[in-house]
Each structure stands twice: as structure tokens, then as C-alpha cells.
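Note sheet for the following structure.
Chains as they are written, first to last, in my numbering: chain A, 1 to 327; chain B, 1001 to 1327; chain C, 2001 to 2327; chain D, 3001 to 3327; chain E, 4001 to 4327; chain F, 5001 to 5327.
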């Protein structure tokens, strides 16, 4: 029995996630002997953004008898820019239209949102914390796109592995609740976890954040890398004044080296404000992971060497100097 | 070499898509001998919507030593309703928090958007056409959620298969462009595709939609099930007046039985307007597939039989009469 | 040397706070032998509200040779209603125009705002806490107006004395800061203050409000009347969720009888929301004390028995059935 | 019997206008022998503005065993600036918190509004005309604050006396109505009032303003200093076009030296517009006198030499170079 | 030499005001022998409104070999209703398309605006005063349309003559200015103008409106029919309070029978407010005369008996039960 | 019988379109022997704009015993600028006030709107196409005003004749519908119409615009001057993308010299956008022809050499250096 409704790699590679009408199209073209018609297809976005996904496109088409050009991952595009061009017999790649557009749309949406966060944070650390808002089948795709967009790390194990990074993360409220005290949880973390993982302790579980920050700092001393403020919105969320106060109290108590890591409903505007108030690192969840896909369209622009297009589009390929041959 | 960055089922089931800090939490609890602490955890949404995803939750936790309660898929929830409750040793399920939240958040987001479209369409047909806007790994999850939310069908092959439905779809512009004429494409479709698939022909590729509708109707006659209007926004999109005119011209020419199927940037408001103008069926893409996930939170509400909660939350389980024991 | 710039009672009663031109008017009229011209003057407001101040008007004019009618304090008026009418020689009362308008404008403004708060609170307690936002010379006038408008009590000693009430109040943050601990401050309060004063303890000084509420409840037990939440806006202010959580934690710990008293930036809208969340009493400061005065105008409407008025006003007295003879 | 509900100076100086809980605090501290605890307290505003009120603070604390620093009256402050600092035994000044905050909040509110009017008027004359909108006990405080904020004069007799100015004013409609004719009223004014008071005649009582302006000018000739336009809003208020027309008609008739004084619902925006249209002086009432108090907060920032603060505030004194020792 | 640039009747009837391309169309059709092609043409509006202009259409087409149906003048239509249908050889009427559409568009625009004013006025009098805002060549067309829309009279001599009404009007400011006094002008009007013309005197030229109303009423006594308030916007325009005051002063002085006629920038909203305040009649200028024409379109819907239409329109005539045969 | 309700030139010149009260004014003045009172009258606008109409004013007053100054047609004015001044006996011109104001108001409104369109079009062609929205009696006045405002041509035969221009125009949909095919209509046009008229063919009647453009271009070849896009709003109107596509397809097919002429609901904003997309010429209808008249007022400013004015206006003439003596 199938336990999960997401597609495995083989299903994707065999075209099983495609829209049914592409499969029927191939059938019809074969019936007319047209399946090998030479065409040029182009993919363009409806909004501006940052490209991500062309690596998977390349892997998907590898071994097919087509030539492929694409923009590099991480480069910006404008609405209607040609970001991928495919040349070859339609039967070789037509069935992958759905998958290719989906890969580009969702990956570029995530990368674009991550870029906005990184720009808001200036040089400061941005970590992708949004795996919990997407289906696990694409958590790693999302984390990878976030890093391509500019995030410095990601929390999902598979996402980090694909990126050849160590996954980033602090600790969940559950750990503190089960152990029953923030300082004891911090000390246990410090004893058990490999030394190269920075000690960033969550300080809003039981007591006031400023109070707990000082208790934890006094317990871990110079081993403490940072405190994480994740105040729930029921308590007003993380405010700039809270960041200022925790910073001041840590400094007054002799812990100027302890960083302030913030999370919870962050977006570029909040990142900007909290950064000015003294926050040092930002765990961004839904702003990146719930970013709308950037819609992509694939158009045939040449059939048997003749420029053409459907009504509403300019016939013939449209040049883009950023395109590079990838297959 | 890994061709795709999405996770296969085994990776998900082995916890590889989880946030790293859940793995560290288990390590720390084991070091303190606390991994089997009995807890009660509850999942709640931050916004109202329609539940989808509990089936995968059940499959994910099957075989673990836990009791699980959940709302049925397709039932509505309000913000802060308890929609899943898990009771058992934390070590049995803690690692799946990321996956479970992601499944519920994204599936419920898609189902909720589909419900809005179906309500806007009254009794008329709504088909999920959004596979092209999501990563292929979750196209089937999305199509399934859309149908649970109220859609009558879906275009992805795998999505339909999981739902025990036949996939729905008409034809792509590519088919018409390669064959070179809408009527010839229609005739080829009619010759080749199994007879139980309705003949719905795309009529905006080369010529005016009203003109092509009549040409196609004259060619396929009573075999023609419908025409599909997908006018690109460069040409003003599908307007209510276009629907009215095509309807009138088809009727005047003796084709009152030919249905009008519309697609392209539909949302509940447009569905309502086009339905009043006479459209019979709606292919909905991004409104469903790009719906924001509905954020979900999992809280420990009891540890070793004692009600508790982090600051900002009410300690102890919160009752919901819609919960049913699923494991 | 004058230590304060406010006017003492004798200065007001001698007309020293009046606009200079009223004094000159009397001079001029005397020079022309017109100071005893019989006139009818009427006072009306420019906006609707609740009347307050006619008691002081009566005291001010007592002993003058005039007849005076006025609406009762605490009754509502609409824009342009005649709320005070004075009949007699102009020289007897002309000089008090400035003082009378000022008394009515400011007192009615305060009473009107208090009424809105009381209506928002339903039957629950509203206490005027705004003495700190007005000059001490009028703190008692403001507190009296608030109670006439519907408040159940007031915090200023003089205001309460004038109203024959006991002043209401809990404790300042200063007490907790000097003693150094909320529970010790609560215990000292309980030992020292007369037993008929309810024990309402401020719980946001040092630690989390929910945590301190339980500590204080466990210390004072059934002697604890309530806890006061005054969370500063730097920490998100008092939110409905905080009220709900404190209520739930107090109930779970066996203190259902402990009331929740809220303060800090309250207005009718916030009172409504916090009341629904379970708050029992409301300390309202600036919404009442900073209420805009309701502008008042005094017009001569009859001179020597002849109806007249300046341009823009209807000549002759305007009836109002709510007027009662007070002098 | 008490005729007025406002506080006399002795009541204020004896702490009778204070919030009751400060009195109880002293009781409790005395019971614990803590009344002489050395503290540092600071006052800060929640919004930017112009400081007024520190003179009364100084008088209030004179003779107490405390050191006091404050900003000068008339200097601008920003939100959260320390504007007053008090150092000494808490028992010496704690009871005055309510009075001090009230003095600063209301005086600074009035001064700030006056400053805005003066800036809008450029170098032209602004007179405080708002005594009629506040309780007579504070009319003089308000007029003094208006002049500190930039007004050139004030209409209340006591207010002007405290400032060592002559009170400013023209004449009320009542004078014109009783005498029965604007020109006769003007001539009576001219005969009776001391010659150094400028002859500014109110011209909107009976006839059209432009018409009356010419009649009055022809009667008083070079003795006429100005005409005052106070058109009621029932007649459209004072419009820029009315000012232009009156100016033009006065000029054409040979009275270029007659100034135009306007009043009635003025605010900075209207002052700017009417000034451009040719108005020479502005009588401002409610914009100054009904200005909201600028909320002030007093925090203990040091107790027995140790920096501290309640949650939400930075512990320890906050420097402000504008502070000067005043006691 | 041509003194005016407007068209005389003969020019219009000879098609000289038509768009040039209709003339060329006839030439071309003649060259192809198609000028007598039988067609059905329909005219429809793009917005809802009140029909006016079909009388001129009838006169224009009289004597041509066509059948014509139209809605009655004064009946309401909705967007896209067929309001005129013409059947016959295209050559007979094609050249008049421009003229017919222009007549219907402008006349219906004026009539629709007049209807809104009349509805706002309830049963009270509305007079069209807008001749001064349109070219004199169409002042009479506009006045006629206003009366068809619901106005009770019109001020232009020719407009009234066409309607078989007496023209309505009071007096211009010029008359008062030349005679030099409102009362003298009123008396001269009363002496000279035929007795059946109501005496409505303009009272805002020299002095205050209320004052002049009383002067005029005392002079003309029971012969005075009404006073007209036309206060310029430089003086605040006619306000509801001014109407109330003039009404009250006239009543108090014994002239309850004198009507109040208002004019100057009226629109339905102002008419409603001034009517409530007591105004008896309304002179409406630009709201009617500057009303936007309601755009009209003429489409061929049948050619040689075959239903057809250009793209975007439903082929064939569209029924409307309100159409009546007029030729 | 009168066939049309518009006024012929003689009726206008004899004052029959005037407001009745001007006729009565002359009667009254004659009765008092005041008809020859020397006056100065001035006309001013209430909004800024571009002057048109002074030519007709001159013709209207020619032969009267008056001196007249006016601004030149085509020059800009601001609100309240004196744009016409008349000096002489009131009886000579008073009766023409209605006509003069109407001429100036409507002509200036049209000219101002045309100027905005021309500015939006940069150097490109703007043609007045709005005759169909105004009564035929003023179609020529409107077209003349549009050209004075900046339009390059106009479609009405009489309008063009008055301007000494050839009328501009392409072809109506009726021609294409009767002939039954766009290409045949184009060829007929080309055969019949004088060679100096540019061949601009309407391409949206039967088929898709891009498709028809190519068919027409292939038929007329280098004789084709342009194609006209007039897509009805039922089909989304003319969009920038449609212009871009037609341009691209014409260029690709070897017709870079064929211009794109657009029409249908154009306004300055749409002209700007379509011009950027490649449109070459603009047929503007209702934006010019339905422009609101710019209200004009005529005031007497001097009577018998004495400066005066009604209330609300500055007495005496107001200089304007742009005035020139025209009579």
C-alpha cells in the first residue's frame, strides 16, 4: 500500500506526474507520424524574480535527443524573459512540460523570497526554517532554493545534505518542556551535542525572555553562542523593544558576546526593524516556504524551422543573453 | 547521482526531511534517559480552513506505539481548533513533527482553496489544472487535496490514480501548433483518443475563439462535447462577453449541446462572473495550487500526566468533538 | 512667590481667569449705561455627548441676580441643544462666559469618554486612572466627571473625596522594584493596608505575568482579590490571549476567585476585546483624561426682550424640554 | 461648602491630588523601614514634542532632599528621551509622581500645539484664545504653555499676568449685539478703552464682513488697528477668498494699514492658507487648548545604587545631554 | 463669412456633420453596386440612463425608405438595451450614424442627470439653469432634454419655446450692480415685468443674505414670491444652515409665504441636504448641462436577411419590448 | 415644422438662446433709462485649461459699440484669470452673456482634453473621432476645438472644412460587414477612394486582428498605409500586448512600413502605454468630446467708471498681460 501521496523520483522521471493531455498529445502525434516534429520551445515567467530549478531541468532531460539552454540558478529575471529554451523533436520532451514548469515555478518562488530576506538582513545570518510549512517531499527542494536565493543555511536534514551543508537549528520548545527547565535543557544540550554546533538556547518557554537569557548566560558562560527569541504572537511576538532590552541586559551582565537569534513570523520588513534593534540572526519560516510559485509558461516558438506562436505571443524565439547551453 | 532534489518515500519515513533539532532533541533525551517520557501533543492551525492530510499522518505513524486522534479529511476547522492529538512516548513520534505539520499545512491550504472555487461554481464542474505550478513531487498531493476540497477532477496522471479517478484534460496549444490547424487537431484527437474521453477542443490558438468554435462544431458535430476558452491575458483573457458571444453563436448555428469550458487565471470571483455569463466548466490552476499553506503548530500539552504548556498557550489538552481515534 | 500656575478658587470666582475682552466689554457698557441691559444667553455644544459641569456653573452664579436653567449632569445632549440658559442683566454674568464654557467643555468631554468605556465594559468595573495625564489642579474635576459618566471609581485622593467614594488603586511598579520581589511586595501590602482595601497585585514587574500570578496566588491564597496586568507596550501590551492564559492557569491551579484587572492604553474597543477574553476590571487612563473638550458656545438670543442673534444663528431662545431651573 | 471641584495650591502641594496607591506605597515602605531607600527615577515621554512644565516641577520639589535634573522649558524632545531625573530617598518625592507627570503631560501638549501654529504663521502674530475650552483652574497654565511654545500673547487675565504680559483680545459678539450696531460698538470701544490697546473690531455680527469692514474703517480711520473675521461655520467660516476680498476692498478704499485678524477653528493648515491669502494675525483656540496631553512615564532606574528596571525597560539611567541640574 | 462654427439644420440634414468615412463607405458600396443592401442596424448604450433624442432621430430619417423602431423619450434603459432599430437599404441611412448617435448620447446624458436632480428634490421645483455651460447651438436641446428628464422648467428662451413653456428665471447680479441696490432692483423688476412672472429676488449681491431677504420682503410684501440664494463659493456657498437661518428670520418677521430658491453648484446630494433644510426650489446648472454623454453604438445585426455581427457582439437583432415603430 | 431642436445661426445671433432673465434685465434697465450705463465686464474660468472660443465671441459682438479684449485661442489659463474683457454700454452685449459663456466653456473644455492627449502621444498623430458623442450641431465646434488644442485632424466633414483640413477617417465596421470580408473591403476601398487618402484598414471585424493584418498587408502590399485596431471591450479592448504582437508579426512578414492606428476608449494614460508598445496613431473619441465644459463666469467689475463687484469678488478689473484687443 502507498503510504504517502507524493511522487517518488521514478514516477516523476517516467512522466507520471504530468498532465494527462500531454500523454494524449504524444498518442495523437504518433498516430499522425508527427511525434518527431522538430520544434523550439521556450519557457518564460509572468513576474520578475530569481531563477532556481534549472539544475533539475537538466537532470530531467539528460539523455533525451534535445539541445537545452537555460539561465544559471541564482540569476534574476524579468517578466517574459526566456529562461529556458529546448530544441529537438517534440516527442522527446513534450511530456515533461508539467514537471519542468512546476520545478521552475516553485523553486524560483522560494529563491526569490529568500533573496528579499537576505537583503533585508544586510550581512547578517538568515536561516531557512520553513520545512514545517511544506510537504516533506519538497522540504529539501525548498531549503535548497532558499540557499540559492541567499539564505546562509537550512534546518532540514535532507535539504542541508543536498547542499553539502550542516543543517542549522537550535532546539524545540518540546525539549525544554520535557526536561522542565530552560537552564537544565541548555546544560544537557551542551553536554550531548557535538562541540562544533553553536549553543543557541531558546529562552521563551517558561519565564520572561530577558530573565531566562541571563540565567542561561550565567550557566553556559562563554560557551553560550546565542539566545533565541521566538515569543508567540499571543504574547505580542518578538518586538524591537524586546530585542533592545535583552541586548542591554546581556551587555550589563557581562555577556556582550551572546548573539540574539530571532524567529516567528519574520518577513523582510520585520527583519529590517529587528536588525536595527540589534538582532544578529533570523530564522525565517513561512515568508520563504509559503511564497507563491512564480507562474511559468512554455510556448512553441518554431515548428519545423518556421517561427510561429499562438495568438497573443510573438512568433519565433526571443533572445536572452543570459541563456547558456546546458545540454 | 541524485537527479531530483525532492524526497522519496523512504527518506520521509526515515525522518530525513525533519528539522535537525528534532534529531538532536532525541539524542539529548536519550542521554538523560527521558526519550520515553509520556506526553500528549496537539496540532492546531492559525487560520480557519478545510482539513486535509490526516490520512498521510496516519500512515506515517502506523506501527509506532502511540494513540492518535484526528479530524476527518474534508471537515472544516477554525483557528486554534485541535485537529490532531498524539499520546505516547515522545521518542516514538517527535522526529515527525516537521513532516506532519508540512503535510497538514500544504494539503489543507490546497483543499481550502478548492472548496472556495467549487462554491463559486455552484453545481458546475471544477477541474484542478495546477500541477504545472508545483514541484512534480507534490503535484499528486495537491490534486488529491483539491478533490477532497470539492474539485470534480484533476489533470495529473498520478493524482487521478491515487484518487481512483480518470485524469481530466483537454489538449495543449502545442498539439494545435504542431498539426497546424485547430480543426485538424480536433479530428485527430477524435480519431485517436478512447471514445469515453469527452471531446473538448481548445479554440484560441490560431484564430478568433468564436470563429474557431463554429469551425470545430461543424467538423465534429454531435461528437463535440465542448470548446475550451483559454484566451491569453495579452488578448484580454476570457471575458464574460466572450462567453456570452460564443454561447450565442453556437446556439444560432445549431450547437446548443456544446459546453463552454474556461481556464486561465480563474479565481472564485471570476468563476462566479463567467458562470453567470454561461460557462459550463472551470479549469482552475494557480488559485488552488499556489494557495498559501495554512500554518500549523504542534504543542506539548501534557508531560507525564501533568497538564502544561509553554508561555502563551493554555496548559492541558483542548477538547474538540470532531476528533476521532485513527490509531 | 507663586509655586503653581493654576488658579485658586478665589481667582476663578473673581473672574481673573476670564478672557480680557469680557472685562473690557463691561467697562464699555458701563460707560454707555448699558451694563444692566436685560438679556437671555444660551450655551450649546458643537458635538453630541454627555453633560457634566452644571453643578459648578450653579455655584459660580449663585448670588448673582440671574435666573438659570440647565440640563442635569449625566444626561446626553446633541449638537446645538441648549444646555444652559441664563436670563438677567448682562453685567451680572458676562464676565463668567470663559469660565462657564471651559467647565462645561472639559467636564463633558471627560464624562462622555467615560460613558463609552463603561458601555464597552458591560456590567464590569471601570476605574478612572488618568490623573497622571492632567494638571493636578483638575485631576479631581476629571475623576468626578468620569464617575458622573459611568466610571465606578477613581484613583485620585481629592477626586474620590469630592465624590464621597474611597479612592481606588492597586500598587505602583516602584513598590515592587524597591522591595525587590512581587510576592514580598504583595505580602507587605497585605500586612500594612487596611483590610477593606481589596488585594490587587501588579504582576508584570520582574517575571512573566502568568508565572507571577501563580506565585502571588499561592502566597496570599483566598485573601488575593485580583492580579493586575499592565504589560508595557515594549512587550506587546496586554493581549486577549494573555488574559485567557492567565485565567486558565489560575483556574487550573485552584484560584478561580482571583479577578483579572487590566490597564495600559485601554479604549472602548480594547475593553470589549479583553472583556470577552475574561478580564474582570479595567483601569482606564488617557482615553478618559485626554478626551478632547466638547466645544461650547454662548450666544445672546434676546436683548431687552427682543429676539435676536448674530449672523449664522437663529434669533430667539431655542427650547429644550430637558432644561430645569437651577437658580 | 466647596464651590469648585478643582484643587487649590495647598491641596496639590500636600499630595491630595495624587493617586491613592502612592500614599499606600509610602505606608508600606515605612512599615518595612524602606521609605528612605535611595533611588534614581526618570521621566520620559511616549511621543516627541516641546517641553513645558519643568518650572512647576522645580517648585513642587523645592525643599525636599533630592537632586533634580530637567530639560529647559521650550526645548524639543523625542520619544523616550529622559526629560527629568530625580535622585534621592523615594519617600521624599514618590507621592508627587501623579502631579509631576500631569503637569508635564498637559503643559507639553499645549506648548507643542502652539509651536506648530507659530511655525505655520511664519513671523505673524499668534494669540492663544482657548481659555474657553479648558477648566478655569488651568486656563492660566495653558496660556503660559502656549506662550512658551511660541504664541505671542494670550487672552486670559491670569495667564497674561503670570507671563508678565498684557492680555490680548478684541471684543465679543455680545458687545455688538447689546449696543446694536458694529460701528457704534467700535466707537464706544475707542472712547472707553485705554489708548495703548489696539482697536481691533469684530465685523461679522450683523452684516456682511466686507461691508462692515469698510463702515468701521470709515468711522475710526487711522485709529483702526484691525478688523477681526470670525465668520461662523454656518456661513462657511473664514475662507481665503474672504480674506482676499476684505484686503482688496480695504486697500481700494484707502485703508491699507488696517490689519486682518482671523479666528474660528484655526489649525496649522488653515493658518498657512489664510496667511497666504493675506491674514495678519491669528486667534487660535481649540487647536492649542484641546491638544492631547503627551503621555509621560516615570521609571525607577536605580535602587540603592544598583541599575534596574521593570520588564520592558532598559535598566539604569539613560543619558541626555540636554538635562540641567535644577535642584 | 461664417460667424459661428456650429452647424445649421440644413448642414446636419445633408450629412455634412458626419464622419468622413461614412461618406466614403457609400461611395465604395456604390462602386460595388451594394448601396441598396438590405440591413438591420441597432443602436445600444454602454451605460444605463433615460432615453432622450428619438424625436430628432425620427425627423432626421423621415422620408427615407426605412422602417424605424425606438423607445419613447423619457423611458429608462439599461446598458446594451436595443433602443433604436432601423431596417432598410444601408444607403438610405448609413450616412446619419454619426448624427444619430450624437443626438442620442448627448440628449440622454442630459435627461438622465435631470432625472437624478428631480428625484433628489422630491416634489419640489427644479429649473434647468445650465444654458451658460454649453454652446448656444445646443442650449435648447439641453433644456428640452432636462425637461424630458423631469425638470419643471428651463431658462433659455429657445429651449422653453420648443417645449411650449414660458422660460424661467429670476434676475442676474448685473441688474443689481447697475441699479446699485437690491431693493431698488426688486422694485423696478416688480414695476416692469409682466405680473404673471413670479417675483424671485436675488439677495446675495451687496449685503448679507439674511439681511437683504428681510429688506426685500419688507419692500415687496405679499407680492414677493421668493428670494434666491446664490452665495458664491468664495463665501462658503449656500449652506443648509444659511437656508435654515433665512427661513427662520423670514418667518419671525411675518413672511412665511416667501419661498427660498437656491442655486450655485447644486447636485443631487446638495439638493437633498438643502431641501431638508427648507429650500423650496432649485436652479441646477452644470450638474445637468455638463453631464457626460452616454456613449451609443450602432451595429449591423443582419445583412440581406442573415443575422451577423462583428466579433464581440451577438449576431442578429436583440429584442426589447419597449421598442415602438416610429417610421 | 422644426426638424431639429438645435439653434440656427440667426437664432443665436438674435439672442434667442439666452437665459430669459437677461432679456428682462434689458427691459427693466430701459424702463429706468439705464440701458446705456457704461460698464466693464470680465469673464474668468473656475479651473485651469486651454482657451478656445474667443473667435466666435469676436464674431458675435462685431458691430456692437463695445471694446473687447481676449486671450488668443490655444493659450493656457489658470483659474480666475481674466480671459475676456468687454467695455461699453451694458445694453449692447448683456443679452449675449449666456451664449458667450457657453461658447468659451464648451470649446475650452474640448481643447484642454485634446491637449492632454497630444502631450501623451508625444510627436505621434492624434485624430478627433468624437463627433458621434455630441449633438451634430456642435460636432464641428468640437472638432475645431480639438485641433486648436493640438489634435492633428478630425473626422467630421464640416469640422474639417471649417479648419481648412481634409477630414480624417478610416472605414466603419459596417463596410466590412456588408461586403462580407476585410480583404475585399480593403481592395474596394483602394480602388474607389482618391489616391491621396491613406489606406488604413480596420482589422477586427471578423477574425483575429493579427491574422487579418497579415491578410490585408499581403493584399494591398506597399499601398497599405496602416491597420486600425478597434477591438471592442467585450474582447478585452486594445492591449499593449496586442499592439506588440501585431507589430512583430507585420515586421516578420516584411511589412515594417505598415502603421498601427488604435482607437476605442483611449485616454492620455492609455495613449501613453499603447504608444510605448508601438502604436503610431490614435483616434480619440469620448475623452475629448465628453470632456466637461470648463465653467466660466462673467462679472461686472466697473459701473460708470467706478470699480465694484458683488460680494465674494474683488472690485475693479483684474489685469492679465495675455489679453489682446480684438474689437
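All C-beta atoms, glycine included, are put in the ideal place defined by N, C-alpha and C.
Remember, it's a predicted structure, so these values are computed and weren't measured experimentally.
Rounded to whole angstroms, what's the CA-CA distance from residue 1177 (chain B) to residue 112 (chain A)? Just pull it up for me.
Going by the C-alpha atoms only, they are around 33 Å apart.
In chain order, which alpha helix (DSSP H) runs of at least 4 residues are fully inside the segment 5108-5190 of chain F?
Qualifying alpha helix (DSSP H) stretches, in chain order: 5136-5149, 5157-5162, 5173-5179.
Whose C-alpha, out of A:92, A:63, A:50, is nearest the C-alpha of residue 77 (chain A)?
Cα-wise, what sits closest to residue 77 (chain A) is A:50.
Just by C-beta distance, which residues in the segment 1230-1242 of chain B are closer than 7 Å to chain E?
The residues in question are 1241.
Given that residue 1245 (chain B) touches chain E, what residues does it touch there, using C-beta distances under 9 Å?
Residues of chain E passing the Cβ test: 4309, 4311, 4312, 4313, 4314, 4315.
Answer with yes or no whether the minimum CB distance from residue 2207 (chain C) to chain A is below 7 Å.
Chain A contact via Cβ: present.
Give a yes or no on whether the minimum CB-CB distance between residue 1189 (chain B) and chain A is below 7 Å.
Chain A, which has a Cβ nearer than 7 Å to the Cβ of residue 1189 (chain B), makes this yes.
Judging by CA-CA distance, which residue of F:5314, F:5290, F:5311, F:5163 is the nearest neighbour of residue 4108 (chain E)?
Checking every option, the nearest Cα to that of residue 4108 (chain E) belongs to F:5290.
Terminal residues of the continuous beta strand (DSSP E) containing residue 4195 (chain E)?
Taken as a continuous stretch (DSSP letters only), residue 4195 (chain E) belongs to no beta strand (DSSP E), as it is neither H nor E.
Closest by CA to residue 2073 (chain C), which one among C:2041, C:2187, C:2121, C:2150?
Minimum Cα distance to residue 2073 (chain C) is reached at C:2150.
Counting only beta-carbon atoms, is residue 4121 (chain E) nearer than 7 Å to chain C?
Not one chain C Cβ lies under 7 Å of residue 4121 (chain E).
Mapping the DSSP letters down to three states, classify residue 2293 (chain C) as helix, strand or coil.
Residue 2293 (chain C) falls in the coil class under three-state DSSP.
May I ask you to list, following chain order, the residues of the segment 133-146 of chain A that have a beta carbon less than 7 Å from some beta carbon of chain B?
Those residues of the segment 133-146 of chain A that come within reach of chain B (Cβ to Cβ, closer than 7 Å) are 133, 134, 135, 136, 137, 138, 139, 140, 141, 144.
Of all the CB atoms in chain F, is at least one closer than 7 Å to the CB of residue 4158 (chain E)?
With 7 Å as the cut-off, residue 4158 (chain E) counts as an interface residue toward chain F.
With DSSP collapsed to three states, give me the class of residue 2213 (chain C).
Residue 2213 (chain C) falls in the helix class under three-state DSSP.
Could you give the distance in angstroms between the alpha-carbon of residue 41 (chain A) and the alpha-carbon of residue 1212 (chain B)?
Taking the straight line joining both Cα atoms gives about 24 Å.
Starting from residue 5272 (chain F), follow the alpha helix (DSSP H) in both directions and report where the run begins and ends.
From DSSP, the alpha helix (DSSP H) with residue 5272 (chain F) extends over 5268-5277.
Any idea if residue 4306 (chain E) is buried or exposed, counting beta-carbon neighbours within 10 angstroms, 16 or more meaning buried?
Exposed, because fewer than 16 other Cβ atoms sit within 10 Å of the Cβ of residue 4306 (chain E).
Do residue 2274 (chain C) and residue 2284 (chain C) have their C-beta atoms within less than 7 Å of each other?
Their beta carbons are not under 7 Å apart, which means residue 2274 (chain C) does not touch residue 2284 (chain C) by this criterion.
Between residue 4159 (chain E) and residue 4127 (chain E), what straight-line distance do the alpha-carbon atoms span, to the nearest angstrom?
About 12 Å.
By the three-class DSSP mapping on this structure, what secondary structure does residue 4259 (chain E) have?
Here residue 4259 (chain E) sits in strand by DSSP.
Buried or exposed: residue 2171 (chain C), going by 16 or more other Cβ atoms within 10 Å of its Cβ?
Label assigned to residue 2171 (chain C): buried.
Is the beta carbon of residue 5187 (chain F) closer than 7 Å to that of residue 5210 (chain F)?
Their beta carbons are not under 7 Å apart, which means residue 5210 (chain F) does not touch residue 5187 (chain F) by this criterion.
Taking buried to mean at least 16 other C-beta atoms within 10 Å of its own C-beta, is residue 2044 (chain C) buried or exposed?
Residue 2044 (chain C) should be labelled buried.
Excluding the 5 residues flanking residue 3103 (chain D) on each side, which residues of the same chain have their C-beta closer than 7 Å to its C-beta?
Contacts found: 3053, 3056, 3057.
Please name the residue or residues paired with residue 4228 (chain E) in a DSSP beta bridge.
Answer is E:4202, E:4261, bridged to residue 4228 (chain E).
Mapping the DSSP letters down to three states, classify residue 5100 (chain F) as helix, strand or coil.
Here residue 5100 (chain F) sits in helix by DSSP.
Along the chain, where does the alpha helix (DSSP H) that runs through residue 4058 (chain E) open and close?
4054-4061 is the span of the alpha helix (DSSP H), which, as asked, contains residue 4058 (chain E).
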